[in-house]
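Residue numbers (my numbering), protein chains in the order written: chain A, 2 to 166; chain B, 311 to 745.
The structure appears below as structure tokens.
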């Protein structure tokens with residue numbers, strides 16, 4: 002066993018395990034818990050590593066390949082570490098019409114990320130564009146971690162970022 | 311609407327009555343506003359009588375397809391001895407649409423009540439509400455409301471003292487537009503990739519976990535308690551034009567509009583009044599150029615087509631588009647149609663589940679062709695190429711995602727040909743760098 006594998010601390014122990022076990026009664030199969038289990042991993046670790054994929058597969062009676070196929074299908078699961086604050090900016094048509102591209106540019110500049118998908122040198126932020134956040138009447142919506150912000154304009158960006166150290 | 315603007319006098323405020331009223335979010339507040347009366351009434355009726363009332367109302371699915379809700383419920387097998395499921399589709403992701411988000415944020419107990427009634431009608435003990443992963447606030451509000459509903463005995467083994475079990479489980483998505491397609495949603499719920507399934511079998515025969523399932527949209531279910539309280543005949547009477555389109559509809563208005571937001575209209579309301587009166591019209595000095603009336607998956611309408619259009623299922627079809635999810639995207643005369651259509655194509659290319667070749671390749675090719683047009687590298691033949699490609703993407707796949715990509719492309723080329731021609735003839739400055 003490589004050093005990397007042996008140093009892996011399982012997620013599904015203690016309270017987290019108990020929480021997952023408590024959810025099995027809500028579904029006819031164990032596999033149905035896959036999306037919830039992956040959310041629990043991401044909440045605990047910030048991203049979903051190969052070792053975590055293997056652990057989830059083991060807990061739910063699946064193969065790692067099956068789990069990985071699901072992890073990579075959904076855009077919200079991170080398969081690599083991201084900044085402390087993960088910023089998703091909607092740039093689909095309705096928001097684009099209302100100036101979302103300027104919001105993205107401002108956020109990339111102010112966070113120091115410079116490029117979409119890259120983490121800022123201080124490890125504080127990662128910024129991505131996201132397809133339709135479903136709040137088109139509140140353009141431009143921005144999701145920072147679990148905080149859903151509405152009507153974000155370039156002018157508001159510096160003040161908003163200050164709240165995320 | 312009540313939020314973020316006061317309701318307009320011409321709105322028919324039913325679902326949106328308590329939008330913006332934070333006290334309506336709690337169990338107590340909801341009961342004070344007449345909540346859970348409909349569920350109580352239903353628990354004393356037979357499931358068939360509930361289905362008949364909904365059939366009488368003429369309610370049709372508000373997620374986009376417009377299928378009659380009572381009829382859908384009646385497809386569920388009776389006394390088959392199998393567990394049944396209700397799945398509430400709260401994966402609202404259609405560009406332009408943001409109505410279900412407001413229903414969940416402001417009237418979570420209204421949705422729970424609608425789910426409980428529907429579950430009773432189709433003999434489902436359990437309802438899953440599948441909420442898109444990005445909807446963090448609706449998730450929190452719904453979580454609290456479901457906890458309250460259990461604590462107060464509305465849900466659980468003895469729902470409202472009826473001896474019937476009704477459970478609601480919230481299930482969080484993780485970022486995939488395609489999971490709004492009902493069979494993709496069922497796969498996702500089962501812990502699989504969100505690939506749509508070939509139909510038949512339809513969910514009523516083999517849905518979630520292979521068992522009889524009904525999938526309904528949030529807005530559809532939220533309308534049900536009102537139908538039970540005030541009667542199917544009352545709901546049917548909410549109709550300004552075609553009797554096949556009844557009730558109220560939340561229209562999510564966005565894009566180049568003075569007062570974006572959700573407007574609740576009676577079916578058949580004039581589109582022109584919606585745009586220029588309710589939603590405040592264009593910005594000063596701007597003229598209406600185009601609208602996409604049903605979420606981004608439906609054909610684009612010109613300002614002229616919008617002029618005398620009535621907002622219901624048939625009225626919009628008569629003007630060459632569809633009501634869809636009623637995500638109403640407004641574009642004024644500053645809009646570069648080619649760029650906006652490209653932006654939509656990019657959305658579909660990103661969201662294709664990649665199962666069907668026509669969709670996986672077709673959406674990506676559409677993006678590539680449009681990128682070279684916008685970069686000034688387009689050719690005259692590209693317009694025909696886009697149309698041919700769109701034809702190959704229409705009616706040939708498991709679900710309609712690739713059709714949805716083709717709709718704005720084809721209607722855009724047909725209705726705004728001069729804008730496309732300007733790019734390929736070099737008469738318009740490129741707006742993108744060459745790839």
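All C-beta atoms, glycine included, are put in the ideal place defined by N, C-alpha and C.
(message) Can you confirm whether the stretch 652-663 of chain B touches the stretch 713-721 of chain B when touching is taken to mean that 3 or more C-beta pairs between the two stretches lie within less than 8 Å?
(response) yes
| message | Once DSSP output is grouped into helix, strand and coil, what is the label at residue 394/B? | response | Translated into positions along the second chain, residue 394/B becomes position 84. Reduced to three states, the DSSP call for residue 394/B is coil.
* Asked: Which of the three DSSP states, helix, strand or coil, is assigned to residue 20/A?
  -> Walking along the first chain from the start, residue 20/A turns up at place 19. Helix, per DSSP.
### Message
Within 10 Å of its beta-carbon, does residue 25/A have 16 or more other beta-carbons around it, so buried, or fewer, so exposed?
### Response
Counting from 1 along the first chain, the entry for residue 25/A is found at position 24. Per the 10 Å Cβ criterion, exposed.
Just curious, the alpha helix (DSSP H) that residue 101/A is in, first and last residue?
Walking along the first chain from the start, residue 101/A turns up at place 100. Its alpha helix (DSSP H) spans residues 101-112.
Environment of residue 2/A [buried if 16+ CB atoms lie within 10 Å]: Indexing the first chain from 1 puts residue 2/A at position 1. Because residue 2/A sits at a pLDDT of 43, beneath the cut-off of 50, its placement in the model cannot be relied upon, and the following sentence gives the value as read from the coordinates. Flag for residue 2/A reads exposed.
Exercise. Whole angstroms is fine: what's the gap from residue 338/B's alpha carbon to residue 356/B's?
Key: Numbered from its first residue, the second chain carries residue 338/B at position 28. Numbered from its first residue, the second chain carries residue 356/B at position 46. For residue 338/B and residue 356/B, the distance between alpha carbons rounds to 28 Å.
Quiz item: Looking only at C-alpha atoms, which of 573/B, 474/B, 603/B and 410/B sits nearest to residue 434/B?
Solution: Taking the first residue of the second chain as 1, we reach residue 434/B at position 124. Comparing Cα-Cα distances from residue 434/B to each of 573/B, 474/B, 603/B and 410/B, the minimum goes to 474/B.
query: Which residue comes first and which comes last in the beta strand (DSSP E) that contains residue 571/B?
result: Position 261 of the second chain, counting from 1, holds the residue named residue 571/B. That run of the beta strand (DSSP E) goes 571-576.
- Query: Within 10 angstroms of its Cβ, does residue 605/B collect 16 or more other Cβ (buried), or is it exposed?
  - Reply: Stepping through the second chain from its first residue, residue 605/B is reached at position 295. Looking at its Cβ environment, which holds 16 or more other Cβ atoms inside 10 Å, residue 605/B is buried.
key: Delimiting residues of the beta strand (DSSP E) encompassing residue 482/B   = Numbered from 1 along the second chain, position 172 holds the residue referred to as residue 482/B. Residue 482/B -> beta strand (DSSP E) spans 477-482.
- Query: How do the stretch 126-143 of chain A and the stretch 81-91 of chain A stand: do at least 3 beta-carbon pairs fall below 8 Å, yes or no?
  - Reply: yes
Where DSSP assigns a beta bridge to residue 598/B, which residues make up the other side?
By one-based count along the second chain, residue 598/B stands at place 288. Its beta-bridge partners are 642/B.
- prompt: Interface residues of chain E around residue 711/B at Cβ under 8 Å?
  reply: Of the protein chains in the structure, A and B, none is chain E.
* Counting pairs of Cβ atoms below 8 Å between the stretch 57-71 of chain A and the stretch 599-615 of chain B, do you hit three or more? -> no
- Is the beta carbon of residue 322/B sitting closer than 8 Å to the one on residue 574/B? As a position in the second chain, residue 322/B is number 12, starting the count at 1. As a position in the second chain, residue 574/B is number 264, starting the count at 1. It is a contact, given that the beta carbons lie within the stated cut-off.
Worksheet item: chain A partners of residue 486/B, CB-CB under 9 Å?
Response: Residue 486/B sits at position 176 when you count from the first residue of the second chain. Chain A residues near residue 486/B: 74, 75, 76 and 77.
Straight-line Cα distance separating residue 442/B from residue 502/B:
Sequence index remark: in the second chain, residue 502/B carries index 192 (1-based). Sequence index remark: in the second chain, residue 442/B carries index 132 (1-based). Going by the C-alpha atoms only, they are around 15 Å apart.
### Query
Are any of the Cβ atoms in chain B nearer than 8 Å to that of residue 93/A?
By 1-based counting over the first chain, the position of residue 93/A is 92. Yes, residue 93/A counts as interfacial toward chain B.
What is the residue span of the alpha helix (DSSP H) that residue 669/B lies within? Along the second chain, read from residue 1 onward, the residue named residue 669/B stands at position 359. Here the alpha helix (DSSP H) through residue 669/B covers 667-684.
Distance, residue 676/B Cα to residue 97/A Cα: Locating residue 97/A in the first chain gives position 96, where the first residue counts as 1. Locating residue 676/B in the second chain gives position 366, where the first residue counts as 1. So the two alpha carbons sit approximately 19 Å from each other.
Could you tell me whether the Cβ of residue 372/B comes closer than 8 Å to any Cβ of chain A? The residue labelled residue 372/B in the question sits at position 62 within the second chain. By this cut-off, residue 372/B is not an interface position.
Q: Tell me whether residue 723/B sits in a helix, a strand or coil according to DSSP, three-state version.
A: Here residue 723/B is taken as the residue at index 413 of the second chain, counted from 1. Residue 723/B: helix per DSSP, three-state reduction.
- Task: Measure how close the beta-carbons of residue 640/B and residue 567/B come, nearest whole angstrom, since I'm counting them as under 8 Å.
- Result: Taking the first residue of the second chain as 1, we reach residue 640/B at position 330. Taking the first residue of the second chain as 1, we reach residue 567/B at position 257. Yes, residue 640/B and residue 567/B are in contact; Cβ-Cβ is about 5 Å, under 8 Å.
Original post:
So, does the CB of residue 645/B fall closer than 8 Å to a CB anywhere in chain A?
Top reply: Taking the first residue of the second chain as 1, we reach residue 645/B at position 335. Closer than 8 Å to some Cβ of chain A, the Cβ of residue 645/B qualifies, so yes.
Is residue 340/B closer than 8 Å to residue 334/B when the C-beta atoms are compared? Here the question's residue 334/B lines up with position 24 in the second chain. Here the question's residue 340/B lines up with position 30 in the second chain. Closer than 8 Å, so yes.
When we look at the beta-carbon of residue 104/A and count the other beta-carbons within 10 Å, is it buried (16 or more) or exposed?
The sequence position of residue 104/A within the first chain is 103, counting from 1. Buried, because 16 or more other Cβ atoms sit within 10 Å of the Cβ of residue 104/A.
Exercise for review: Give the straight-line distance between the Cα atoms of residue 454/B and residue 464/B, rounded to the nearest whole angstrom.
Suggested key: Position 144 of the second chain, counting from 1, holds the residue named residue 454/B. Position 154 of the second chain, counting from 1, holds the residue named residue 464/B. So the alpha carbons of these two residues sit roughly 14 Å apart.
Give me the chain A residues within the contact set of residue 572/B, using Cβ-Cβ distance strictly less than 9 Å, ordered along the chain.
By 1-based counting over the second chain, the position of residue 572/B is 262. Result: 138.
Q. Would you call residue 728/B buried or exposed, if buried means 16 or more other Cβ atoms sit within 10 Å of its Cβ?
A. Taking the second chain and counting its residues from 1, the one referred to as residue 728/B is at position 418. By the 10 Å Cβ count, residue 728/B comes out exposed.
Query - Alpha-carbon to alpha-carbon, residue 409/B and residue 562/B - result: Within the second chain, numbered from 1, the residue matching residue 562/B stands at position 252. Within the second chain, numbered from 1, the residue matching residue 409/B stands at position 99. Answer to the nearest angstrom: the Cα atoms are 6 Å apart.
| request: State the DSSP-derived secondary structure class of residue 487/B, mapped to helix, strand or coil. | output: Indexing the second chain from 1 puts residue 487/B at position 177. It is helical.
| Hey, how far is the Cα of residue 680/B from the Cα of residue 631/B? | As a first step, residue 680/B must be located in the second chain, where it is residue number 370. As a first step, residue 631/B must be located in the second chain, where it is residue number 321. Roughly 23 Å separates the two Cα atoms.
- [ ] Please list the residues of the stretch 143-162 of chain A that have a C-beta atom closer than 8 Å to any C-beta atom in chain B, keeping them in chain order.
- [x] 144, 147, 148 and 149
Using the Cα positions of residue 23/A and residue 160/A, report the straight-line distance between them to the nearest angstrom.
Here the question's residue 23/A lines up with position 22 in the first chain. Here the question's residue 160/A lines up with position 159 in the first chain. Spanning the two alpha carbons is a distance of roughly 41 Å.
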